[in-house]
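**Student:** Count along the sequence shown from 1, then add 20; that gives the number in this note's numbering.
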Amino acid sequence: MAPERPARHAELYSLQNGSDVRGVALEGVEGEDVRLNPARAAAIGAAFARWLQKRAPTANDAETRVALGRDSRLSGESLASAAAAGARSAGAMPTDVGLATTPAMFMSTITEGYEFDGGVMLTASHLPFNRNGMKFFTSRGGLGSADIAEVLDIAAQLVDDDELPQESEHSLAPHEDFLPAYAASLRKRIIDGVGAGERPLEGMAIVVDAGNGAGGFFAGSVLEPLGADVSASQFLEPDGTFPNHIPNPEDAEAMESCAAAVLRAGADLGVVFDTDVDRSGLVLPDGQQVNRNRLIAALSAAVLRDSPGATIVTDSVTSAGLADFIKARGGVHCRYKRGYKNVINKGVELNEAGVDCPLMIETSGHGAMRENYYLDDGAYLAVCLIIEAARAKRAGGEGLASLLDGLKEPAEAKEARLKIMLDDFGPYGDDIIARFIEFCNGSAAPSSWTSEEVNNEGWRVRVDEGDGKQGWALLRKSLHDPLLVCNVESDTEGGLEPILEALRGFLSQFDKLDISKL
């Protein structure tokens with residue numbers, strides 16, 4: 021059993037969010053106190069350096085080199101300065117790489133000529149402007165949740181031992197650009213993939229919407245040098261206030277904004293990135309949005325063409341139509357759990373067991389490919405589909421739309437996040453799920469419901485809607501929050517309500533569960 025953590029460090033430990041660190045980093049939002057401040061960033065930076073030294077000891081700790089990058093958030097520079105000072109105080113040699121992406125920070129640990137021992141990315145993905153966070157990498161990949169817990173334990177000890185620099189000692193580390201090297205690797209992937217010389221995107225118009233995050237480089241440093249017209253791109257300038265829309269390919273406003281720009285420009289394609297570019301979504305020439313199930317389908321179609329019979333790992337909330345699509349394309353669908361780390365780790369596990377699994381992707385847009393170090397890289401996934409579009413254009417084909425042929429989409433869909441009104445919410449949620457399983461497998465459930473044969477998270481049922489149509493419902497616990505999440509889809513107009521009514525009837529018996537959003 022792990023030793024009990026001291027209460028005086030409760031706020032430090034509260035920063036852990038699964039496999040990264042996140043917290044409020046700026047004042048200005050009522051009721052949200054700053055918890056990720058420079059002092060804690062310094063402690064965590066020092067702790068990560070100590071963690072690296074412990075795992076890869078060198079004759080001289082100063083040989084431990086740590087790269088620090090950040091997205092466009094307003095608090096990024098001050099937190100990066102603090103983390104650098106912390107790493108320095110632990111005997112490591114920090115390097116500031118400035119504006120960066122999360123995937124680039126992993127690549128900084130394996131790219132020839134750089135090969136940092138560790139990389140730190142200051143980001144909070146698509147969360148509001150006042151948040152920030154830290155993601156950590158070595159050449160073996162991103163740190164897991166157990167690693168983060170250990171780093172925070174080291175940080176707490178450093179605070180107790182008063183071994184950290186004062187805020188007056190915080191300063192950015194010596195600067196070295198890395199984003200150009202990362203952009204060059206993406207350009208090479210497109211050149212090799214299209215196979216049409218040094219300007220394979222000549223004649224293509226592509227709209228990049230970076231949402232004022234870190235992804236603006238993709239237009240000017242990746243696509244334009246290859247011949248693409250990126251003149252209709254928007255919100256490329258880094259601005260941590262995010263004045264135009266949330267940088268998030270799951271966000272309707274972000275996708276609609278890019279779709280409008282594509283239609284105005286008559287472009288061949290649009291690309292939407294989240295703040296730190298580990299997720300992406302695309303827009304087709306007719307404005308059709310390719311994210312969530314469509315993004316998974318498009319990538320699956322491309323992968324299965326080259327790797328027939330391969331397994332595609334997804335999270336648990338993918339549509340029934342996607343499962344049918346993957347099967348029809350000759351693939352095997354492994355519907356696993358929410359959480360991109362869970363999805364990617366399952367893909368790694370399958371490959372190590374001898375199962376051909378080239379793609380693992382969550383509906384959020386976090387997706388990784390075996391050929392790319394199992395790295396969830398939104399720019400790399402966009403590159404893969406840009407290659408498909410460029411090949412199709414040169415061949416006079418239909419473009420990316422053909423990759424989606426046969427994807428059946430639901431007529432109605434809903435996600436409801438139901439709050440558990442208890443501090444110790446875990447056991448209560450577990451009990452509800454256990455009783456839901458009994459309900460679904462007993463005589464009280466609607467006769468049209470059938471439990472899925474495989475459930476890796478929560479419990480999912482198929483709903484026979486007649487005439488060959490099918491809905492489904494999934495009840496699961498949130499990964500981190502005091503919530504039960506209910507996902508429901510129906511193939512028929514008006515088909516959602518009967519499923520929701522049955523769920524309300526079952527869940528109404530639990531007085532500590534707020535079902536008002538159902």
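Ideal placement from N, C-alpha and C gives every residue a C-beta, glycine not left out.
#1: How about I332 and I346: are their beta carbons less than 8 angstroms apart?
#2: Straight-line CA distance for R325 to Q73?
#3: In three-state terms, what does DSSP make of M21?
#4: Could you check the C-alpha separation between A27 and V310 for me, to the nearest Å?
#5: M21 to P447, Cα distance in whole Å?
#6: Excluding the five sequence neighbours on either side, which residues of its own chain have a C-beta within less than 7 angstroms of the C-beta of S128, listed in chain order?
#7: Just reading off the alpha helix (DSSP H) that T334 is part of, what are its end residues?
#8: Do the region 44-54 and the region 154-167 meet, that is, are 3 or more Cβ pairs less than 8 angstroms apart?
#9: Is the beta carbon of E472 less than 8 angstroms from the beta carbon of V481?
#10: Please state if the CB of P258 and the CB of G236 are separated by a distance shorter than 8 angstroms.
#11: Among E432, Q308 and H146, which one has its Cα closest to the Cα of S384?
#12: Whose C-alpha, out of A144, I210 and D306, is nearest the C-alpha of F262?
#13: With 16 as the cutoff for other CB atoms within 10 Å, does L442 come out buried or exposed?
#14: Quick one: does F293 have its CB under 8 angstroms from some CB of chain C?
#15: Determine the DSSP secondary structure at G567, reduced to helix, strand or coil.
#16: Taking only three categories from DSSP, how would you classify I130?
#17: How should P267 be labelled, buried or exposed, when 16 other C-beta atoms within 10 angstroms of its C-beta is the threshold for buried?
#18: Let's see if you can read the secondary structure: which residues bound the beta strand (DSSP E) around L304?
#19: Using only alpha-carbon positions, find the residue among R358, T115 and A252 that is nearest to T334.
#20: Per DSSP, A493 is paired with what?
#21: Go ahead and label E218 buried or exposed: buried means 16 or more other beta carbons lie within 10 angstroms of its beta carbon, across all protein chains shown.
#22: Which same chain residues end up closer than 6 angstroms to V171 when comparing Cβ atoms and leaving out the 5 residues on each side of it in sequence?
#23: Between which two residues does the alpha helix (DSSP H) carrying N371 extend?
#24: For the candidate residues R93, A120 and R151, whose alpha-carbon lies nearest to that of L35?
#25: Examine the Cβ distances between the region 367-377 and the region 186-193 and report whether three or more of them are shorter than 8 angstroms.
#26: Flag this pair as yes or no: are the beta carbons of A431 and E513 separated by less than 8 angstroms?
#27: Taking the beta carbon of K208 as the centre, do at least 16 other beta carbons fall within 10 Å, making it buried, or is it exposed?
#28: Determine, using beta carbons only, whether G106 and L142 come nearer to each other than 8 angstroms.
#29: List the DSSP bridge partners of T115.
#30: Below 8 angstroms on the Cβ atoms is my contact criterion, and I expect H195 with G231 to pass it. Report the Cβ-Cβ distance as a whole number of Å.
#31: Over the uninterrupted beta strand (DSSP E) stretch that includes K434, give me the two end residues.
#32: What does the alpha-carbon distance come out to for the pair E477 and A285?
**Tutor:** Judging by the given coordinates:
#1: yes
#2: Rounded to the nearest angstrom, the two C-alpha atoms are 44 angstroms apart.
#3: With a pLDDT of only 46 at M21, under 50, the local geometry of the prediction cannot be trusted, and the value read off the model is given with reservation. In this structure, M21 counts as coil in the three-state DSSP scheme.
#4: If I take the Cα positions, the gap works out to 46 angstroms.
#5: Model confidence at M21 stands at a pLDDT of 46, short of 50, so the residue's coordinates are unreliable; what they give is reported in the following sentence. Cα-Cα distance, rounded: 19 angstroms.
#6: Apart from the 5 residues on each side of it in sequence, S128 sits with its Cβ closer than 7 angstroms to the Cβ of A87, V117, Y134, F136, G139 and F198 in its chain, given in chain order.
#7: Here T334 belongs to no alpha helix (DSSP H); instead the beta strand (DSSP E) covers T331 to T334.
#8: With a cut-off of 8 angstroms, the region 154-167 and the region 44-54 do not count as touching, because too few Cβ pairs lie within range.
#9: yes
#10: yes
#11: H146
#12: A144
#13: The residue is exposed, with fewer than 16 neighbouring Cβ atoms inside 10 Å.
#14: The structure shown contains no chain C; it holds only a single protein chain.
#15: Residue 567 falls outside the range modelled here, since the chain spans only 21 to 538, and no answer is possible.
#16: Of the three classes helix, strand and coil, the one that applies to I130 here is coil, per DSSP.
#17: buried
#18: Premise fails: L304 is in no beta strand (DSSP E) and is neither H nor E.
#19: R358
#20: V481 and V508
#21: By the 16-neighbour rule on beta-carbons within 10 angstroms, E218 is exposed.
#22: A67, F68 and W71
#23: Y360 to E372
#24: R151
#25: no
#26: yes
#27: exposed
#28: The answer is no: Cβ separation not under 8 angstroms.
#29: A87
#30: Actually they are not in contact, since the Cβ atoms of H195 and G231 sit about 25 angstroms apart, beyond 8 angstroms.
#31: Element bounds for K434: E432 to I440.
#32: 43 angstroms
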